[in-house]
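Report on the following structure.
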Amino acid sequence: MNMKSCIVVAFAAALSGCGQTATKEVTPSTPVYALTQADTETVQAGVRASLKDPASATFGPMSATQRADGVITVCGYVGTAPFMGVLTLAPKPVFDVTGVGSDDAKAALTTTFCQKAGIVLAAQ
49 MNMKSCIVVA FAAALSGCGQ TATKEVTPST PVYALTQADT ETVQAGVRAS LKDPASATFG
109 PMSATQRADG VITVCGYVGT APFMGVLTLA PKPVFDVTGV GSDDAKAALT TTFCQKAGIV
169 LAAQ
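Here's what the structure looks like:
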């Protein structure tokens, strides 16, 4: 290996650690919100409305958190795809889907947003 190659390798090795910092995003704990049967039905109706084949939807576990400002975030599974959305209770209960992990990239993104909302989804 010549001197120029050694310098390039050494420089690349030195730079490989640049930009990698050990930071952890800290978010305050968001209180768990206990979904009622009516809430669950509202969530399921909202998710079904966002699907191409709503009749075939099967739902897995769901979890929810409620922020101090009253926003209720719900995450769960429809089939093997994670979903996320916002549940509004008044004046009429409505669930607005904000994401469905219909492919690997969207699933990862949806799961990340759920985690940021304080909800950890178990892999399906």
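Following this note's numbering, the numbering of the sequence shown begins with 49 at its first residue and continues without gaps. Beta carbons: idealized from backbone N, C-alpha and C, even for Gly. What you are looking at is a predicted structure, and each value in this text was computed from that prediction instead of being measured.
Would you kindly report the start and end of the unbroken alpha helix (DSSP H) that includes residue i?
i, result
"alanine 165", "Here alanine 165 belongs to no alpha helix (DSSP H), and DSSP marks it neither H nor E."
"glutamine 85", "85-97"
Tell me residue i's beta-bridge partners as DSSP assigns them.
i, result
"tyrosine 125", "Pro130"
"aspartate 144", "Val134"
Would you identify the three-state DSSP class for residue i, choosing helix, strand or coil?
i, result
"leucine 157", "helix"
"alanine 171", "coil"
"proline 102", "helix"
"valine 80", "strand"
Which one of the options has the shortest CA to CA distance from residue i?
i, options, result
"glutamine 172", "Ser77, Thr88 and Val126", "Val126"
"aspartate 144", "Gln85, Thr128, Gly118 and Gly94", "Gly94"
"proline 79", "Thr106, Thr121, Lys100 and Pro102", "Thr121"
Should residue i go down as buried or exposed, given a rule of 16 or more other Cβ atoms within 10 Å for buried?
i, result
"aspartate 87", "buried"
Ends of the beta strand (DSSP E) at residue i?
i, result
"serine 150", "That residue, serine 150, is in no beta strand (DSSP E); it is neither H nor E in DSSP."
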